[in-house]
Every structure is written in structure tokens, then in C-alpha cells.
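Quick notes on the structure that follows.
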Amino acid sequence: MTQQTTHHKAESVTVLDVRQELAEGGEPFVRIMEAAGKVQPGGILVVIAPFEPLPLYEVLGALGFTHQTAMVTPDTWAVRFAAAK
1 MTQQTTHHKA
11 ESVTVLDVRQ
21 ELAEGGEPFV
31 RIMEAAGKVQ
41 PGGILVVIAP
51 FEPLPLYEVL
61 GALGFTHQTA
71 MVTPDTWAVR
81 FAAAK
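Each residue of the sequence shown is one higher than the one before, counting from 1 in this note's numbering.
Given below as C-alpha cells:
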């Protein structure tokens, strides 16, 4: 799984690409939750997956995240989870 954190003046963005881990039969949920736990108010967590990660909407929503979803290709989805400020 690839993780990248970028800091900008207004926000911090962490990107998790879980496609390879899922292709190898892994389960990235724990890593996603760990990354989400490190996102500061106003920060962003982007999850890149081979399918729309519907269960994450409710789980991260309960933690105060909102989301925006984009299907980049039929097998690549990018979801931007924004932490409440």
C-alpha cells in the first residue's frame, strides 16, 4: 500500500493507494483507520481503491469526515475524506 502525506498552507493531504494490497488478498481497513486517526481537523485523506469503498462512508462519517467520490477508471476509485474543522 502506498501512503503519501503532503502539507499545504490550508490543508494536509494523506493519500492511501490500497489497490495493490487488495489485489494480493490483503485487507487495508486497519491501515485506513490508522491514517484517518492521524488526520488533523481540516485535513484530507484520499483513498484510492479498485472499487467504490461504500462501507468507509458510514465508518468515517461517524468520525466526522465528509467525502467526495470520483470513478477515475472502471477499476480505480478515488475518495476524498475531509476531516471536520
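Just so you know, even glycine gets a beta-carbon here, dropped at the ideal spot from N, CA and C.
This structure is a prediction, so every number in the text was calculated from the model and none was measured.
So the beta strand (DSSP E) VAL39 belongs to, where does it begin and stop?
Mapped onto the sequence shown, residue 39 falls at position 39. Where VAL39 is concerned, there is no enclosing beta strand (DSSP E), given that its DSSP letter is neither H nor E.
Other residues of its chain near ALA83: CB distance less than 6 Å, five sequence neighbours each side excluded:
Translated into the one-based positions of the sequence shown, residue 83 becomes position 83. Only VAL39, PRO41, GLY43 and PHE65 meet the Cβ criterion.
What are the boundary residues of the alpha helix (DSSP H) that includes VAL59?
On the sequence shown, position 59 is the one that residue 59 refers to. First-last of the alpha helix (DSSP H) with VAL59: 54-61.
According to DSSP, which residues form a beta bridge with ILE48?
For the purposes of this step, residue 48 is taken as the residue at position 48 of the sequence shown. Answer by DSSP bridge pairing, in chain order: ASP17 and ALA78.
Using only alpha-carbon positions, find the residue among PRO55, ILE48 and GLY61 that is nearest to ASP75.
Residue numbering aside, residue 75 sits at position 75 when the sequence shown is read from its first letter. Considering only alpha carbons, the answer is ILE48.
Which residues does DSSP list as the beta-bridge partners of ALA83?
In the sequence shown, the residue the question calls residue 83 occupies position 83. Answer is PHE65.
CA nearest to the CA of LEU45, picked from ALA70, GLN20, ALA35 and LEU63
Within the sequence shown, residue 45 is the residue found at index 45, counting from 1. The shortest Cα separation from LEU45 among ALA70, GLN20, ALA35 and LEU63 belongs to ALA35.
Whose CA, out of VAL15, PRO50, THR14 and VAL13, lies closest to the CA of GLY26?
Within the sequence shown, the letter at position 26 stands for residue 26. The residue with the shortest Cα to Cα distance from GLY26 is PRO50.
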